[in-house]
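**Q** Questions regarding the structure given below will be posed in turn.
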Amino acid sequence: MKKSRRDFIKLSALGAAAVPLNVFSKNEFDLILSPKNKPIVLSTWNFGLKANEAAWEVLKNNGRALDAVEAGVKVPEGDPMQRTVGLGGRPDRDGRVTLDACIMDELSNIGSVASLEYISHPISVARAVMEKTPHVMLVGDGALQFALSQGFKKESFMNEQTKNEWKEWLKKNDYKPVVNIENHDTIGMIAMDSAGNLSGACTTSGMAYKMHGRVGDSPIIGAGLYVDNEIGAATATGHGEEVIRIAGSHLVVELMRHGNSPKDACKLAVERIMKLQLLRNKNLKDIQVGFIALNKKGEYGAYCLQSGFNYAVNDNTGNKMVDSDYSLK
Ligand code: SD4
25 MKKSRRDFIK LSALGAAAVP LNVFSKNEFD LILSPKNKPI VLSTWNFGLK ANEAAWEVLK
85 NNGRALDAVE AGVKVPEGDP MQRTVGLGGR PDRDGRVTLD ACIMDELSNI GSVASLEYIS
145 HPISVARAVM EKTPHVMLVG DGALQFALSQ GFKKESFMNE QTKNEWKEWL KKNDYKPVVN
205 IENHDTIGMI AMDSAGNLSG ACTTSGMAYK MHGRVGDSPI IGAGLYVDNE IGAATATGHG
265 EEVIRIAGSH LVVELMRHGN SPKDACKLAV ERIMKLQLLR NKNLKDIQVG FIALNKKGEY
325 GAYCLQSGFN YAVNDNTGNK MVDSDYSLK
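Take 25 as the starting number for the sequence shown in the numbering used here and just add one per residue.
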């Protein structure tokens, strides 16, 4: 039977309505529709506890996850005693403190800065890149120029201990990243707000005594951080080169999309890194990588390569540290 024009219009309208249904898998629907533990925020390492408190102030007042993660990671960024994040961080081998950061919201808006000097809140510069430029990433001098144009102030606060350690390091000049530096390292933070929206932020001074210009995973969307508002969010810490090699945080989110719990997704990503290390004849003991992940139900988990990684979780039951499970037992 020949279809009338009116039938065709009806069918097209139905077809258009059906499209969104077809693009979600059953697991995606389960994640979107099931009851949620929200708001919730989690972040890497011991300093996550204080950072979560700042994020919780935003979340408990029905604020946006994006504002929460920015406020949260600014706490260690602004602390001159933190020697792995912000301007208090250890320098590169030329004695320059270069900072990496990125941010991602529920609409997949992204912003990032890498190798940024003299600015105490790189995460806020990353957010300005996201909101005020047509780009997603600025590096080095360009990032600094942009930050200054946005009213950020030039600062420097390498402390005496950091200076002396660097001078000591120069004597041997041997680049061997230390695993689990002082039990705090990069801060990666992921959160779901009371509207059920996800965002994440990640900020670091990177590996101590790296080559000048070296960029790790932390400012790279998909490596150090990834958010998919239909599925979940993940962030990474540890040896950035290994995280970049597997596009780690994106991989964790995709593994959750395919039905894995947050912890299992992190574990599978760590195992992939391990496999590649072994294939390339590298020693597993020389590196640490850790992931934390959160899904749309507010379920969370973490996994790392070797012991010593922990993370902080704040939900309606309170703020606490959790030790991550690990592979090398
Ligand atoms: C980097 N992932 O620059 C960061 C540093 C870090 O534990 O997290 N170290 O590679």
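Note that beta-carbon positions come from the ideal geometry of N, C-alpha and C, so glycine has one too. Every value quoted in this text rests on a predicted model; they were computed, and no experiment measured them.
Grouping DSSP H, G and I as helix and E and B as strand, with all else coil, what is D124?
**A** As a first step, residue 124 is located in the sequence shown; it is residue number 100 there, counting from the start. Strand.
**Q** So, is the C-beta of S173 closer than 8 Å to a C-beta in chain C?
**A** Annotation note: the requested chain C is absent from the structure, which comprises a single protein chain.
**Q** Consult DSSP for K344 and reduce its assignment to one of helix, strand or coil.
**A** One-based indexing of the sequence shown puts residue 344 at position 320. Here K344 sits in strand by DSSP.
**Q** Between F315 and A225, how many whole angstroms is the CB-CB distance? I'm expecting something under 8 Å.
**A** Position 291 of the sequence shown, counted from the start, is the residue given in the question as residue 315. Position 201 of the sequence shown, counted from the start, is the residue given in the question as residue 225. Not confirmed; about 15 Å, so no contact.
**Q** May I have a chain-ordered list of the alpha helix (DSSP H) segments no shorter than 4 residues that lie completely inside the region 126 to 203?
**A** Listed in chain order, the complete alpha helix (DSSP H) runs (minimum 4 residues) inside the region 126 to 203 are 146 to 156, 164 to 173, 184 to 196.
**Q** Within the structure, which residues are defined as neighbours of ligand 1 by a Cβ-heavy atom distance below 6 Å, reported in chain order?
**A** Residues with a Cβ closer than 6 Å to any heavy atom of ligand 1, in chain order: D209, T210, T228, G230, M231, G240, D241, S242, T261, G262, H263, G264.
**Q** Could you tell me whether the region 115 to 127 touches the region 238 to 257, using the rule of 3 or more Cβ pairs below 8 Å?
**A** The answer is yes - the region 238 to 257 touches the region 115 to 127, with three or more Cβ pairs under 8 Å.
**Q** Among A232, I214, D209, whose alpha-carbon lies nearest the alpha-carbon of E101?
**A** Residue mapping note: residue 101 aligns to position 77 of the sequence shown, counting from 1. Per the Cα distances, D209.
**Q** Do you know offhand how far N338's Cα is from E155's?
**A** For this step, residue 338 is matched to residue 314 along the sequence shown. For this step, residue 155 is matched to residue 131 along the sequence shown. Going by the C-alpha atoms only, they are around 27 Å apart.
**Q** Given a threshold of 16 other Cβ atoms within 10 Å of its Cβ, counted over all protein chains shown, does K187 qualify as buried or as exposed?
**A** Locating residue 187 in the sequence shown gives position 163, where the first residue counts as 1. K187 comes out exposed.
**Q** Who are the near neighbours of C328 in its chain, counting only those whose CB is closer than 6 Å to its CB and skipping five residues on each side?
**A** The residue labelled residue 328 in the question sits at position 304 within the sequence shown. Cβ neighbours of C328 beyond the five flanking positions: G314, S348, Y350.
**Q** Pull up the DSSP beta-bridge partners for F315, would you.
**A** As a first step, residue 315 is located in the sequence shown; it is residue number 291 there, counting from the start. Answer is A260, Y327.
**Q** Using the Cα positions of S136 and V160, report the straight-line distance between them to the nearest angstrom.
**A** Locating residue 136 in the sequence shown gives position 112, where the first residue counts as 1. Locating residue 160 in the sequence shown gives position 136, where the first residue counts as 1. For S136 and V160, the distance between alpha carbons rounds to 6 Å.
**Q** If I measure Cβ to Cβ from E179 and keep anything under 8 Å in the same chain, skipping five residues before and after, which residues do I get?
**A** For the purposes of this step, residue 179 is taken as residue 155 along the sequence shown, with counting starting at 1. Correct list, in chain order: L111, Y142, I143, S144.
**Q** Kindly list the residues whose CB is nearer than 8 Å to the CB of V47, restricted to its own chain and excluding five residues on each side of it in sequence; keep chain order.
**A** Reading the sequence shown from its first residue, position 23 is the one you call residue 47. Once the five neighbours on either side are set aside, V47 has no close Cβ partner at all.
**Q** Three-state secondary structure (DSSP) at D103?
**A** Here the question's residue 103 lines up with position 79 in the sequence shown. Three-state result, D103: coil.
**Q** On the three-pair Cβ rule with 8 Å, is the region 162 to 179 touching the region 248 to 268?
**A** Short answer: they don't touch.
**Q** S331 to I311, Cα distance in whole Å?
**A** Counting from one through the sequence shown, the residue named residue 331 turns up at place 307. Counting from one through the sequence shown, the residue named residue 311 turns up at place 287. Those two C-alpha atoms are separated by around 11 Å.
**Q** Does DSSP put V294 in a helix, a strand or coil?
**A** Your numbering for residue 294 matches position 270 in the sequence shown. Correct three-state label for V294: helix.
**Q** Report the option in E184, W190, E77, K306 whose CA atom is closest to the CA atom of N340.
**A** Along the sequence shown, one-based indexing puts residue 340 at 316. Among E184, W190, E77, K306, the Cα nearest to that of N340 belongs to E77.
**Q** Are the region 77 to 94 and the region 217 to 236 touching by the rule of at least three beta carbon pairs closer than 8 Å?
**A** Touching, yes, given that three or more Cβ pairs across the two stretches are closer than 8 Å.
**Q** For G342, collect the residues of the same chain with a Cβ closer than 6 Å to its Cβ; drop the 5 residues on either side in sequence, then sort them by chain order.
**A** Residue 342 sits at position 318 when you count from the first residue of the sequence shown. No residues qualify anywhere along the chain.
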